[in-house]
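In my numbering, the protein residues as written are 364 to 937. Report on the structure given below.
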């Protein structure tokens, strides 16, 4: 696959260059062949932006740079098409490697630890914002754009147009990463089945309320029970889909904000403060003080344990039997095969693959039989909390990268996120990063074919979906603990409580080592004294906070649903 991608890149490079010269002729060819009117800028503004890139790149003509990102459709388009165009237009030869998400983090970690310049820039998940801020090994872009990088910062970049900058800004108010692509984790359901008159009548007769988009986990559970084993179009269907194999992919199933959906942590947008959705608590100086309830954290608190127990119960009772042994990659395509009624945890990055003609979940006219909607929340959740996860792959410049190479890479990062190309890139990858792109008429026209993606991103609800925040002091070291701990619960080796007790203890071991090393200075962990749950709950409440919450005896709250079409109308009225 890698060989194929490199060959494709080479072919595209030849197609766009055509000569040894870089400049506006090459830019105009690119605009003619690739962009046209699929842009928020008119042709004159496109050419003006391309002229700026041509001029700014002149000192770096002939330089060869390397950047890396994970393998997503959006990044494939950048690697195969935009990288070649950038080389042709600027004379800077860029190799955009597509590697696994874990490999991106591994390469970045190696560069942090050794100082060796492996890549000149990375598209790195903003989940590492707390890591980058505390280790101070990446260039903060606020200062970079004002000083060393000022001469290579596009005056038309328009930082305010990027919808994810609050996720890439640290407590010091500096921007550390530039968003490139975003996708959320939402609720997915069969719109056609939910609007079937017999299904609606049977559901109301059994449960006493209307079948609709579940607002809370109690309703989701009822809907899962209702559809599981039901025969639709001559085949048995299931009311839920998930995966359970003890595998690294099980980790992000939970670090990607599952606990916050249950009501773990405190109120706060984009992330709970002082306790976030990982259950990690920070003090008034943003220093992590604990993960376990004993130190005021919430990783093993009642809300977290409830979230794991519901995951286990639903996987066993309502998902296809084979789901228990599946990984993320194996489970991802299952809903589109046509025998699943709903999925509580579904990445919008799957949209493009779920609207392909001929799929069982796509109508003959090309419109989807399914929709995406806001995720339901658990019994511990309250207004003011985040409600789900949003992936924000963002351009990151390491301090170990020589300044001239960082400047050339920064030009490329701005090119692939520029207003000239962003609408076209988003039409290919369906991972929005700019407000102007989301509002573009081309997406208004295409919305009916995308199952609610456009409506969600245009809605006020989207701010409740956010990446991992700044409480996590070392994402790579802590994230790897999750799949191992929760995998023990999934396999039956440990109870939900035992698994989360183990996880919080392991997280505190890592934080303790960082504290003793002193490597993160006065913004690194400083573990608190230990007390019981009642002590820390009273302390939180006295300060106007929530976490850790006490156990709610009846965790089966009154179920609530909402009509999808009415929900969308309410967004539009706002």
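Just so you know, even glycine gets a beta-carbon here, dropped at the ideal spot from N, CA and C.
Check whether residue i and residue j have beta carbons under 8 Å apart
i	j	result
residue 735	residue 819	yes
residue 893	residue 667	no
residue 834	residue 663	no
residue 765	residue 480	yes
residue 826	residue 649	no
residue 598	residue 592	no
residue 694	residue 604	yes
residue 705	residue 551	yes
residue 538	residue 574	no
residue 385	residue 458	no
residue 870	residue 877	no
residue 929	residue 524	no
residue 530	residue 830	yes
Opening and closing residue of the beta strand (DSSP E) in which residue i lies
i	result
residue 487	484-488
residue 753	753-759
residue 693	First-last for residue 693: 691-694, but that is the alpha helix (DSSP H), not the beta strand (DSSP E).
residue 711	Taken as a continuous stretch (DSSP letters only), residue 711 belongs to no beta strand (DSSP E), as it is neither H nor E.
residue 460	456-462
residue 744	No beta strand (DSSP E) holds residue 744; DSSP gives it neither H nor E.
Nearest-angstrom Cα separation, counted from residue j out to residue i
i	j	result
residue 842	residue 549	21 Å
residue 725	residue 555	10 Å
residue 636	residue 755	20 Å
residue 579	residue 408	47 Å
residue 828	residue 640	12 Å
residue 922	residue 527	33 Å
residue 460	residue 934	39 Å
residue 903	residue 808	48 Å
residue 772	residue 793	24 Å
residue 857	residue 513	54 Å
residue 378	residue 711	Any reading at residue 378 must be qualified, since the residue scores a pLDDT of 41, below 50, and its modelled position is unreliable; the value itself is stated next. Between residue 378 and residue 711, the C-alpha separation is close to 32 Å.
residue 519	residue 511	18 Å
residue 920	residue 685	30 Å
residue 880	residue 620	29 Å
residue 901	residue 659	10 Å
residue 917	residue 670	14 Å
residue 418	residue 796	26 Å
residue 498	residue 925	45 Å
residue 778	residue 558	44 Å
residue 859	residue 770	48 Å
residue 854	residue 687	9 Å
residue 632	residue 727	41 Å
residue 416	residue 784	13 Å
residue 380	residue 781	Low confidence applies here, because residue 380 scores a pLDDT of 42, under 50, leaving its location unreliable and the question unanswered by this model.
residue 613	residue 862	14 Å
Nonlocal neighbours in the same chain, by C-beta distance under 7 Å from residue i, ignoring five residues either side
i	result
residue 372	With a pLDDT of only 44 at residue 372, under 50, the local geometry of the prediction cannot be trusted, and no value is derived from it.
residue 588	602, 681
residue 516	508
residue 868	655
residue 382	Interpretation of residue 382 is limited by its pLDDT of 37, a score under 50 that renders its predicted location unreliable; no figure is taken from the coordinates.
residue 873	837, 840, 841
residue 700	723
residue 822	934
Beta-carbon contacts of residue i that lie in its chain and below 6 Å, excluding the five residues immediately before and after
i	result
residue 939	What is shown of the chain runs 364 to 937, which leaves residue 939 out entirely.
residue 626	666, 741, 743, 744
residue 638	628, 629, 644, 661, 910
residue 839	468, 472
residue 433	464, 467
residue 787	398, 401
residue 536	none
residue 864	663
residue 683	601
residue 932	none
First through last residue of the alpha helix (DSSP H) which encompasses residue i
i	result
residue 896	896-905
residue 562	560-570
residue 683	Per DSSP, residue 683 belongs to no alpha helix (DSSP H) and is neither H nor E.
residue 798	798-801
residue 651	Unbroken run through residue 651 is the beta strand (DSSP E), 651-653; no alpha helix (DSSP H).
residue 550	First-last for residue 550: 541-553, but that is the beta strand (DSSP E), not the alpha helix (DSSP H).
residue 508	504-509
Cut-off 8 Å between Cβ atoms - residues of its own chain near residue i, not counting five sequence neighbours on either side
i	result
residue 414	387, 390
residue 731	554, 717, 718, 724, 725, 812, 813, 814
residue 673	580, 584, 625, 741
residue 768	426, 428, 480, 483
> Any chance the segment 901-915 sits against the segment 558-570, with 3 or more Cβ pairs inside 8 Å?
Replying inline: no
> Is the number of C-beta pairs between the segment 758-771 and the segment 727-742 that are closer than 8 Å three or more?
Replying inline: no
>> Does the structure place the segment 488-504 close enough to the segment 394-406 that three or more beta carbon pairs sit under 8 Å?
In response: no
> Are there three or more Cβ pairs, one per stretch, closer than 8 Å when the segment 428-438 is compared with the segment 538-546?
Replying inline: yes
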